[in-house]
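Participant: First residue of the sequence shown? That's 66 in my numbering, and the numbers climb one at a time after it. The structure is given below, and queries will be raised subsequently.
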Amino acid sequence: MTSKSTMREVAGKAGVSIATVSRVINSPDEVPTETVERVRAAMRYLNYRPNINGRRLKMAQTRSVGVLVPTMANPVFATSVQGIEQAAHEDGLTVLLTSSNYDPQRELGAVSTLLNNRVDGLILTLANADDNPVIDLLKAENIPFVLLFNQPARTDVASISVDNARSAYDMTQAMIAQGHTSLAMVAGRFESSDRSKQRFDGFGQALSDAGLGAARLCQVGFGETELFTPLKSFLTGPDAVTGLVCSTDMLAIAAISACRDHGLSVPGDVSVGGIDGIAVGGLISPKLCSAIQPTQEMGQQALAFLRGLIRGQANPQSLILPHQLSTGESIGPARHSSSPRL
């Protein structure tokens, strides 16, 4: 099939109305899952690509930019948006913000909504930057965009991030240096975040380089705050760990709470480290050890990259900013006990 297929042909192939196809593209949450899957299968079969650029009506620049992040509930994204908005205000730009709730299926509709508001370009944090129809679509339609927090392997897109694998590697090494040999990672689900997978890879590499065992993993949903049950097998019994490396600070804070609920002290019984460097991590007790990202600066730099692309810059720029380990209190020497935790 050619890329000239129409929405009417997609509707016919899927056995739905043209209006339903439009809703699947723009607001998939409002359509039954079975219908969404059937329409998207028809789009793939027909190689149909929505003409989102056409919907922008080829109007003059609106001096507005769109921002898509997974959630505003995590301070790491709120702080990055603050950096974007501060830089945008200085340049007289308007920021339109939306979120995907860590759901890859919502990304295309969210981006379509932003483009329907005729933004000049986009700053995006996606579930998977290397295999994502949103990126393919934006590139095909020549829409300027910059990835924020994503660290893609592909080199044909603009991005700003930290080294996700290295940040987890350094946090893991910090625990190993304290004598920890039994570690596990608490990570958000990989299908919702390529950053989570990259950080798990860094965790595993640190264990391998230290000659330790296979990487143990506890995958949970982003935003989960109750980790008592998911962490039970990691914190109790003969195979209990002495340290937890968490893929985000929010998960690290939840892990500290779970440790306490299991009657364990942090860092006396279990050390816990996070990644992000959110401000609230410094306000809890014990103060959270974290691999700090320069989040606000990342947002500002993403906007600078986007402005260059909007002005016609041909080559997309990418930048990996440095992270640093905080001097927190949630990591301590490994405590070795002759009896297993019950």
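No residue lacks a Cβ here, since even glycine has one placed at the ideal position from N, Cα and C.
For the pair the stretch 298–318 and the stretch 240–251, tell me if three or more CB-CB distances fall below 8 Å.
Facilitator: Yes, the stretch 298–318 is in contact with the stretch 240–251.
Participant: Would you mind stating whether ALA180 and ASN215 have Cβ atoms separated by less than 9 Å?
Facilitator: The sequence position of residue 180 within the sequence shown is 115, counting from 1. The sequence position of residue 215 within the sequence shown is 150, counting from 1. In the sequence under discussion, the amino acid at residue 180 is Leu, which differs from the Ala named in the question. Against a cut-off of 9 Å, the Cβ pair of ASN215 and LEU180 comes out as no contact.
Participant: The beta strand (DSSP E) that contains SER232, what's its start and end?
Facilitator: Counted from its first residue, the sequence shown places residue 232 at position 167. Careful: SER232 lies outside any beta strand (DSSP E), inside the alpha helix (DSSP H) at 229–241.
Participant: Rounded to whole angstroms, what is the Cα-Cα separation between LEU353 and GLY364?
Facilitator: Within the sequence shown, numbered from 1, the residue matching residue 353 stands at position 288. Within the sequence shown, numbered from 1, the residue matching residue 364 stands at position 299. Answer to the nearest angstrom: the Cα atoms are 23 Å apart.
Participant: ALA317 and GLY342 look like a contact to me (Cβ under 8 Å); what is the Cβ gap, rounded to whole Å?
Facilitator: For this step, residue 317 is matched to residue 252 along the sequence shown. For this step, residue 342 is matched to residue 277 along the sequence shown. At roughly 11 Å, the Cβ-Cβ gap does not stay under 8 Å, so ALA317 and GLY342 are not in contact.
Participant: Where does the unbroken beta strand (DSSP E) through MET250 begin, and where does it stop?
Facilitator: Within the sequence shown, the letter at position 185 stands for residue 250. MET250 -> beta strand (DSSP E) spans 248–253.
Participant: What does DSSP give as the partner residue(s) for LEU282 in the beta ladder?
Facilitator: Walking along the sequence shown from the start, residue 282 turns up at place 217. LEU282 pairs with MET250.
Participant: Where does VAL130 sit, in a helix, a strand or coil, going by DSSP?
Facilitator: Sequence index remark: in the sequence shown, residue 130 carries index 65 (1-based). VAL130: strand per DSSP, three-state reduction.
Participant: Given ILE208, which residues of its chain have a CB within under 6 Å of its CB, disregarding the five upstream and five downstream residues?
Facilitator: For the purposes of this step, residue 208 is identified with residue 143 of the sequence shown, where counting begins at 1. So no residue of the chain qualifies.
Participant: Output the boundary residues of the alpha helix (DSSP H) element that contains THR100.
Facilitator: Counted from its first residue, the sequence shown places residue 100 at position 35. Segment 98–111, the alpha helix (DSSP H) holding THR100.
Participant: Thinking C-alpha only, which one of THR237, ASP259 and MET108 is nearest ALA275?
Facilitator: The residue given as residue 275 occupies position 210 in the sequence shown. Selected option, being the one with the closest Cα: THR237.
Participant: Can you grab the Cα-Cα spacing for the pair MET124 / ARG88, in whole Å?
Facilitator: Counted from its first residue, the sequence shown places residue 124 at position 59. Counted from its first residue, the sequence shown places residue 88 at position 23. Reliability fails at MET124, whose pLDDT of 49 lies under 50, so the model's placement of it is uncertain and no value is given.
Participant: In terms of alpha-carbon separation, which member of PRO387, PHE293 and MET137 lies closest to VAL251?
Facilitator: Position 186 of the sequence shown, counted from the start, is the residue given in the question as residue 251. Measuring from the Cα of VAL251, the nearest candidate turns out to be PHE293.
Participant: From ARG128 to VAL337, what does the alpha carbon distance come to, in whole angstroms?
Facilitator: Position 63 of the sequence shown, counting from 1, holds the residue named residue 128. Position 272 of the sequence shown, counting from 1, holds the residue named residue 337. Taking the straight line joining both Cα atoms gives about 44 Å.
Participant: Any idea what DSSP makes of ILE357, helix, strand or coil?
Facilitator: In the sequence shown, residue 357 corresponds to position 292, counting from 1. Strand at ILE357.
Participant: Mapping the DSSP letters down to three states, classify SER430 as helix, strand or coil.
Facilitator: Past the edges of the chain, shown from 66 to 407, lies residue 430, and the structure says nothing about it.
Participant: State the start and end residues of the unbroken alpha helix (DSSP H) segment that holds LEU179.
Facilitator: Position 114 of the sequence shown, counting from 1, holds the residue named residue 179. That run of the alpha helix (DSSP H) goes 172–181.
Participant: DSSP three-state label for VAL331, please.
Facilitator: By 1-based counting over the sequence shown, the position of residue 331 is 266. Residue state, collapsed to three classes: coil.
Participant: Run through DSSP, which three-state label would THR159 get?
Facilitator: For the purposes of this step, residue 159 is taken as residue 94 along the sequence shown, with counting starting at 1. Reduced to three states, the DSSP call for THR159 is strand.
Participant: Can you name the residues that DSSP bridges to ALA344?
Facilitator: The sequence position of residue 344 within the sequence shown is 279, counting from 1. For ALA344, which the question treats as bridged, DSSP gives no partner whatsoever.
Participant: Short of 7 Å in beta carbon distance, which residues of its chain neighbour ARG120, apart from the five on each side in sequence? Order them along the chain.
Facilitator: Position 55 of the sequence shown, counted from the first residue, corresponds to residue 120. Residue placement at ARG120 cannot be trusted, given a pLDDT of 49 that sits under 50; what the coordinates show is reported in the next sentence. Within the same chain, ARG120 has close Cβ partners LEU180 and ASN181.
Participant: Pick out whichever of SER177, ALA152 and PRO398 has its Cα sitting closest to the Cα of SER164.
Facilitator: In the sequence shown, the residue the question calls residue 164 occupies position 99. Of the listed residues, the one whose Cα sits closest to SER164 is SER177.
Participant: Would DSSP call LEU386 helix, strand or coil?
Facilitator: Counting from 1 along the sequence shown, the entry for residue 386 is found at position 321. Looking at LEU386 - three-state DSSP - the assignment turns out to be strand.
Participant: To the nearest angstrom, how far is the alpha carbon of ALA223 from that of ALA175?
Facilitator: Here residue 223 refers to the residue found at position 158 when the sequence shown is read from its first residue. Here residue 175 refers to the residue found at position 110 when the sequence shown is read from its first residue. Going by the C-alpha atoms only, they are around 20 Å apart.
Participant: Using DSSP with H/G/I as helix, E/B as strand and the rest coil, what is GLY377?
Facilitator: The residue labelled residue 377 in the question sits at position 312 within the sequence shown. GLY377: coil per DSSP, three-state reduction.
Participant: Hey, would you say THR136 sits closer than 9 Å to TYR167, going by beta carbons?
Facilitator: One-based indexing of the sequence shown puts residue 136 at position 71. One-based indexing of the sequence shown puts residue 167 at position 102. Yes, they are a contact pair.
Participant: Span of the alpha helix (DSSP H) holding GLY302?
Facilitator: Within the sequence shown, residue 302 is the residue found at index 237, counting from 1. Run containing GLY302: none; DSSP gives neither H nor E here.
Participant: Are there three or more Cβ pairs, one per stretch, closer than 8 Å when the stretch 194–209 is compared with the stretch 387–403?
Facilitator: No: the two stretches stay apart, fewer than three of their Cβ pairs being nearer than 8 Å.
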